[in-house]
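Undergrad:
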Ligand SMILES: [Zn+2]
Ligand SMILES: [Zn+2]
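Residue numbers (the working numbering): 2 to 300.
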């Protein structure tokens, strides 16, 4: 029996809303410990920091966190609230595997094949393991700046089963775990990092064929008024759907396929591979050549 250390991540949530007050609700029959004071209250409001909210034993608990009228989400973990100026910074220390399940559930549509979800769970875990810290008050945020997620799904949800089924696994290049890129639909073949102006970090990525996208990816056209430079930065600035396109110099129209940057795993293609019997390891080997998927020794 292999024991995995209980690893947590500190996720800063609701930052997009710049909250000035927050409401925390205990779940039925539960007691929250707030700055050392037990509370049965169903509805606790804050406009002052700092605050610590835990279970009675100081450990993780289930609670509903909301900015009234704007957003509410269920979490399990411990909550700390600090402030910068008027803005409250709620940070949830949660089980890393639960955060991974939340990312997979948010980023991959319902109905995605379990093996494709397992590949996604390895990617999310690799990101949390290898990504450099991008925030001062916590490890990662809950937006696409880091990895997007909402409330963690139930333990029975396919995304949770995908996390459990790949527990501890990350992908590494030259023995170094990296934060892997992936995109919605590569349009027929994936791209290297350098071909779209991205720095290898440390993985350079390789261009591989994606038969599902060759058959099924979305075709699009767009008129561009400025000279085309085929980089990810240019694509985002010009709101071009993908990096897989050709330019018609006479008309200034570009013709493309797919959605997203096209570097690393293709979500459309990985789901098709899984539906045709590929395992999550087959999927990772296909979209990330020259990498190894194993239990990470880092963190
Ligand atoms: Zn972030
Ligand atoms: Zn593809």
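For glycine and all other residues, C-beta sits at the position ideal for the given N, C-alpha and C. From a predicted model like this one, the values you see are computed outputs, not experimental measurements.
1. Are the segment 14–33 and the segment 94–105 in contact at 8 Å, needing three or more beta carbon pairs?
2. Compute the beta-carbon to beta-carbon distance between residue 1 and residue 33, rounded to the nearest angstrom, for a pair I have assumed lies under 8 Å.
3. In its own chain, which residues sit with a C-beta less than 8 Å from the C-beta of residue 203, not counting the 5 before and 5 after it?
4. Just to check, is the beta-carbon of residue 142 closer than 6 Å to a non-hydrogen atom of ligand 1?
5. With 16 other CB atoms within 10 Å as the buried threshold, where does residue 143 fall?
6. Heavy atom of ligand 1 less than 6 Å from the Cβ of residue 146, yes or no?
7. State buried or exposed for residue 108, treating a residue as buried only when at least 16 other CB atoms are found within 10 Å of its CB.
8. Can you name the start and end residues of the beta strand (DSSP E) that residue 73 belongs to?
9. State the start and end residues of the unbroken beta strand (DSSP E) segment that holds residue 256.
10. So, does the segment 219–237 touch the segment 278–286, judging by three or more C-beta pairs under 8 Å?
11. Flag this pair as touching only if the segment 131–149 and the segment 10–17 have three or more C-beta atom pairs under 8 Å; answer yes or no.
12. Cβ of residue 270 within 6 Å of any heavy atom in ligand 2?
13. So if DSSP puts residue 152 in a beta bridge, which residue, or which two residues, is it bridged to?
14. Measure the Cβ-Cβ separation of residue 75 and residue 52 and say whether it is below 7 Å.
15. By a C-beta neighbour count over all protein chains shown, 10 Å radius and 16 as the cutoff for buried, is residue 88 buried or exposed?
16. Mark residue 236 as exposed unless 16 or more other C-beta atoms lie within 10 angstroms of its C-beta, in which case mark it buried.
17. Under a CB-based cut-off of 7 Å, is residue 263 close to chain D?
18. For residue 255 versus residue 264, is the C-beta distance shorter than 7 Å?
19. Skipping 5 residues on each side, what residues in its chain have a beta carbon closer than 8 Å to that of residue 115?
20. For residue 83, which option in 10, 149 and 138 has the closest C-alpha, if you only look at C-alpha atoms?
21. Output the residue ranges of the alpha helix (DSSP H) runs that lie fully inside the segment 204–234 and measure 4 residues or longer, sorted by chain position.
22. Which runs of the beta strand (DSSP E) at least 3 residues long sit entirely within the segment 134–187? Give them in chain order.
23. Report yes if the CB atom of residue 120 is closer than 7 Å to the CB atom of residue 105, and no otherwise.
24. Who are residue 11's beta bridge partners in DSSP?
25. Rounded C-beta distance between residue 102 and residue 154? I'm assuming under 8 Å.
26. What whole-angstrom Cβ distance do residue 267 and residue 171 have, given they're in contact under 8 Å?
27. If I measure Cβ to Cβ from residue 9 and keep anything under 7 Å in the same chain, skipping five residues before and after, which residues do I get?
28. Check each candidate in 31, 288 and 169 and name the one with the smallest Cα separation from residue 77.
29. Output the boundary residues of the alpha helix (DSSP H) element that contains residue 382.
30. Between residue 258 and residue 188, is the Cβ-Cβ spacing less than 7 Å?
TA: Reading off the structure:
1. The segment 14–33 vs the segment 94–105: no contact.
2. Nothing can be reported for residue 1, as the shown portion of the chain is limited to 2 through 300.
3. In the chain shown, the residue the question calls residue 203 occupies position 202. If we look at residue 203 and ignore the five residues flanking it on each side, its Cβ neighbours are 174, 175, 177 and 179.
4. If you number the chain shown from 1, residue 142 lands on position 141. For ligand 1, at least one heavy atom lies less than 6 Å from the Cβ of residue 142.
5. Position 142 of the chain shown, counted from the first residue, corresponds to residue 143. That one is buried.
6. Residue numbering aside, residue 146 sits at position 145 when the chain shown is read from its first letter. Judged by the Cβ position, residue 146 qualifies as a neighbour of ligand 1 at the 6 Å threshold, a heavy atom of the ligand being closer than this.
7. Within the chain shown, residue 108 is the residue found at index 107, counting from 1. Of the residues assessed, residue 108 falls on the buried side of the cut-off, its CB having 16 or more other CB atoms within 10 angstroms.
8. Along the chain shown, one-based indexing puts residue 73 at 72. 72–85 is the extent of the beta strand (DSSP E) around residue 73.
9. On the chain shown, residue 256 is found 255 positions in, with the first residue counted as 1. 254–258 is the extent of the beta strand (DSSP E) around residue 256.
10. no
11. yes
12. In the chain shown, counting from the first residue as 1, residue 270 sits at position 269. Correct: residue 270 has its Cβ closer than 6 Å to ligand 2.
13. As a working mapping, residue 152 is identified with position 151 in the chain shown. Beta-bridge pairing links residue 152 to no other residue.
14. As a first step, residue 75 is located in the chain shown; it is residue number 74 there, counting from the start. As a first step, residue 52 is located in the chain shown; it is residue number 51 there, counting from the start. The Cβ-Cβ distance between residue 75 and residue 52 does not fall below 7 Å.
15. Along the chain shown, one-based indexing puts residue 88 at 87. Residue 88 comes out exposed.
16. In the chain shown, counting from the first residue as 1, residue 236 sits at position 235. By the 10 Å Cβ count, residue 236 comes out buried.
17. Reference to chain D is not applicable here, since this structure consists of a single protein chain.
18. The residue you call residue 255 lines up with position 254 of the chain shown. The residue you call residue 264 lines up with position 263 of the chain shown. For residue 255 and residue 264, no; Cβs fall outside 7 Å.
19. Along the chain shown, one-based indexing puts residue 115 at 114. Listed in chain order, the non-local C-beta contacts of residue 115 below 8 Å within the same chain comprise 159, 162, 163, 166 and 275, local neighbours out to five positions each way being set aside.
20. On the chain shown, residue 83 is found 82 positions in, with the first residue counted as 1. Closest option to residue 83, Cα to Cα, is 138.
21. 212–217
22. 170–174
23. Counting from 1 along the chain shown, the entry for residue 120 is found at position 119. Counting from 1 along the chain shown, the entry for residue 105 is found at position 104. No, they are not a contact pair.
24. Walking along the chain shown from the start, residue 11 turns up at place 10. In DSSP, residue 11 forms a bridge with 94.
25. As a first step, residue 102 is located in the chain shown; it is residue number 101 there, counting from the start. As a first step, residue 154 is located in the chain shown; it is residue number 153 there, counting from the start. Residue 102 to residue 154, Cβ: 6 Å. Contact.
26. Counting from one through the chain shown, the residue named residue 267 turns up at place 266. Counting from one through the chain shown, the residue named residue 171 turns up at place 170. The Cβ separation is near 20 Å, so there is no contact.
27. Counted from its first residue, the chain shown places residue 9 at position 8. Apart from the 5 residues on each side of it in sequence, residue 9 sits with its Cβ closer than 7 Å to the Cβ of 94, 95, 96 and 97 in its chain, given in chain order.
28. By 1-based counting over the chain shown, the position of residue 77 is 76. Comparing Cα positions, the closest option is 31.
29. Residue 382 is absent from the structure shown; the chain starts at 2 and stops at 300.
30. As a first step, residue 258 is located in the chain shown; it is residue number 257 there, counting from the start. As a first step, residue 188 is located in the chain shown; it is residue number 187 there, counting from the start. Going by C-beta atoms, residue 258 is nearer than 7 Å to residue 188.
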